[in-house]
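Following full-length UniProt numbering, the numbering of the sequence shown begins with 1 at its first residue and continues without gaps. Just so you know, even glycine gets a beta-carbon here, dropped at the ideal spot from N, CA and C. For clarity, every value in this text was computed on a predicted model and none was experimentally measured. The block underneath contains the structure these notes are about, expressed in C-alpha cells.
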Amino acid sequence: MYDVAASGAGFAGVTYSAFSGWADRPGDFAPMLEGELTCDIAVVGGGYAGIAAALRLAERGADVVLLESGFCGWGGSSRNAGYLSNALAGDPQLLNMLYARRLPHLIRYADSAARFTEELIGRLAIDCDYEPTGNVIAAVSPGQLRRTRRNAEILRGAGADVEFVEGRDFGLPQTFLGGVFERAGGLLNPGKFALGLREVLLASGVRTYERTTVRAVEPHATGAVVSVPGGRVRAERVILATNAYSRDLAIAPKRMVTPIWTSLVETEPVDPERLAATGWTRRVGIITPHTILENYRPTPRGTVMFGTRRLRTAPGALGVREPDDAVVADLVRGFHERFPSLSDIAPQRAWGGWIAMTSSLLPVAGEAAKNVFYAIGCNGHGLAQSPYLGTLLADRLAGDRMHDDLAAVWRARPRFAPPVLSAPTLHAAWTVDRIADRLHRRRA
Numbered sequence: 001m002y003d004v005a006a007s008g009a010g011f012a013g014v015t016y017s018a019f020s021g022w023a024d025r026p027g028d029f030a031p032m033l034e035g036e037l038t039c040d041i042a043v044v045g046g047g048y049a050g051i052a053a054a055l056r057l058a059e060r061g062a063d064v065v066l067l068e069s070g071f072c073g074w075g076g077s078s079r080n081a082g083y084l085s086n087a088l089a090g091d092p093q094l095l096n097m098l099y100a101r102r103l104p105h106l107i108r109y110a111d112s113a114a115r116f117t118e119e120l121i122g123r124l125a126i127d128c129d130y131e132p133t134g135n136v137i138a139a140v141s142p143g144q145l146r147r148t149r150r151n152a153e154i155l156r157g158a159g160a161d162v163e164f165v166e167g168r169d170f171g172l173p174q175t176f177l178g179g180v181f182e183r184a185g186g187l188l189n190p191g192k193f194a195l196g197l198r199e200v201l202l203a204s205g206v207r208t209y210e211r212t213t214v215r216a217v218e219p220h221a222t223g224a225v226v227s228v229p230g231g232r233v234r235a236e237r238v239i240l241a242t243n244a245y246s247r248d249l250a251i252a253p254k255r256m257v258t259p260i261w262t263s264l265v266e267t268e269p270v271d272p273e274r275l276a277a278t279g280w281t282r283r284v285g286i287i288t289p290h291t292i293l294e295n296y297r298p299t300p301r302g303t304v305m306f307g308t309r310r311l312r313t314a315p316g317a318l319g320v321r322e323p324d325d326a327v328v329a330d331l332v333r334g335f336h337e338r339f340p341s342l343s344d345i346a347p348q349r350a351w352g353g354w355i356a357m358t359s360s361l362l363p364v365a366g367e368a369a370k371n372v373f374y375a376i377g378c379n380g381h382g383l384a385q386s387p388y389l390g391t392l393l394a395d396r397l398a399g400d401r402m403h404d405d406l407a408a409v410w411r412a413r414p415r416f417a418p419p420v421l422s423a424p425t426l427h428a429a430w431t432v433d434r435i436a437d438r439l440h441r442r443r444a
C-alpha cells in the first residue's frame, strides 16, 4: 500500500507533489479486502485499463472484483500530461521500418482508441475539461521540420488522420516551425478523468477494494488465486492491468515493460495576451519530435504545463516519488528556450508518474499463464489507448471473437526482448537532444 499524502518544496520554491497537480486526492476510500472472495474475473490495477475492463465486464453480466494498491486513479492515470492522442509511440519512420506490413493495422488501433475514449467521456458524462483540439508534433529546427514532413507522408499513407502544417499559419508559438497535426483527440484534465472513472466504478456492481496490494497471482486448472495481505480472491480468470508496476508480480512476463518516471511542471497563470504574443494563437497541445519528447500545453487554469524532456528509471521497487530537482530545473530551462518572452513566468508546481515502456514501442496484450491475462504498456499514450485496450480484452473474455484492434497488439507468447531503456541510454538520449538544440541555436 502506497502513501498518497506526501508533498513538499523543491527547485526555486516549486511545490512538489507525490500525487498529481491535476486533482485532489479523494476524501475516502473503498474498503480494504479482508477475508476470502470468489468471482468470475479479478482485475488487478485500478488505472484506466483496469477500470475500463471491470466496467465492461460488469455491463456484460460478470461478477467482477477489482483490487488496487492505492486508490483507483492513483498512478499514472491521474498524473500524465492530458493529451488524448490518436498516435503510436515512437518515430513513424522507425515504426515503418520495423512494422511496415502491420503499420496500417496499428494506426487503425491507435485512431480507434482515441475515438473510443472520447466517446467514453461523453457516454459516462465525465467532467474532465475535454477540448477536441487535436495535437501537433511540432519541430523546433529545420532538420526536425524535414523529418516531420516525411513522417506526415508515412502516417497518411498508413491511413492516419493527420496533416502537415506550417507553424506560423497554424497558430503555433514562434519557436515551433510546423509539424504533424493529429486531427483526432485533444486536451483534457487526466486527474478529473481518472477520478471520474473511479466514481463510475464505485457506483457500479464491481466489488472494488482499495489500499489492497496484490502479493501473488497463482493460476490453476480452473482459475487463479489472487493473494493480498488480508485475504485472497478465487477467480475463474484474472486481468493484470498493472502497467509500470507489473514487475512487482512474479506472474507478469519477464522484461514485458520498463518503468519510466516522467515529470511535469506547471507555471503560474499567464496573461492570454502575452501567450498570444508568442504566436500561440491556436489552443492545441504541442509535442516535439526529440528523441525524448518535450510537451507544452495550455490549461483551463490559464497556466502552461510542460514536461518529459528528461526521464528516469528505477532498478527496484517504484513506490512514492517526488520530482527530481535536476529534472525540474532542466524542464524550466527548456520552457525558457521555447518561450523566451515568458522567461519571467515562474513555475509553481511539479509532479510526476511512472509509465510503462516496451522494447517494441507497442502496447501488449495476451495470456501470461493459464487463466491470467494482461493489457499493458501503452508507452506514454495510455490516456487514449488504455481504456480501449482494457475494454477490448474484457470483450474477449466475455466471449466475443478477438477484435482486429486487439489482434494487432496481441502476443501469442509472453516472451519479450531485453529492455533497451536504461539510465545510461536515457542520459545519452537527453545528451543527443541537447547537442542538437545547441547546434540549431548556433545556426539560427
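Nearest-angstrom beta carbon gap, residue j and residue i [assumed within contact, 8 Å]
i    : j    : result
W280 : L172 : 7 Å
N86  : A52  : Not really, about 17 Å apart at Cβ, beyond 8 Å.
L95  : L103 : 6 Å
R297 : M305 : 5 Å
A114 : A398 : About 23 Å; that fails the 8 Å criterion.
W430 : R310 : 5 Å
Backbone secondary structure at residue i - three-state DSSP
i    : result
H427 : helix
Y374 : strand
S78  : helix
T148 : helix
L94  : helix
V364 : strand
T313 : strand
E322 : coil
V332 : helix
L249 : coil
S204 : coil
E131 : strand
P347 : strand
Residues that residue i bridges to, as DSSP identifies them
i    : result
G191 : Note: G191 sits in no beta bridge, so no partner.
I355 : I260
I286 : V136, Y296
Any chain C beta carbon closer than 8 Å to residue i
i   : result
E34 : No chain C is present in this structure, which holds just one protein chain.
Between the CA atoms of residue j and residue i - distance to the nearest angstrom
i           : j    : result
F181        : F373 : 35 Å
A417        : K254 : 9 Å
H427        : L106 : 29 Å
R338        : L177 : 11 Å
A394        : V238 : 11 Å
I355        : G377 : 8 Å
P229        : V200 : 26 Å
C128        : E210 : 23 Å
G390        : A152 : 29 Å
A138        : T288 : 5 Å
A49         : A241 : 6 Å
F116        : P387 : 8 Å
R108        : G134 : 17 Å
R413        : A368 : 8 Å
V332        : A423 : 21 Å
G285        : G122 : 21 Å
N189        : P31  : 27 Å
S343        : H336 : 5 Å
I435        : A244 : 30 Å
residue 492 : H290 : Coverage of the chain is limited to positions 1 through 444, which leaves residue 492 absent and any answer about it impossible.
A224        : P419 : 29 Å
L197        : T208 : 13 Å
C72         : A194 : 8 Å
A317        : R274 : 43 Å
L84         : G302 : 19 Å
Residue range of the beta strand (DSSP E) that includes residue i
i    : result
L67  : 64–67
D169 : Segment 167–170 is the alpha helix (DSSP H) holding D169; no beta strand (DSSP E) there.
N135 : 135–139
T38  : 35–44
E182 : 178–182
E218 : 216–220
L240 : 231–240
G223 : 223–228
Y109 : Where Y109 is concerned, there is no enclosing beta strand (DSSP E), although the alpha helix (DSSP H) it sits in stretches over 103–123.
Run of the alpha helix (DSSP H) containing residue i, from where it starts to where it stops
i    : result
S386 : 382–397
Y48  : 48–59
L293 : Premise fails: L293 is in no alpha helix (DSSP H) and is neither H nor E.
L275 : 272–277
T303 : That residue, T303, is in no alpha helix (DSSP H); it is neither H nor E in DSSP.
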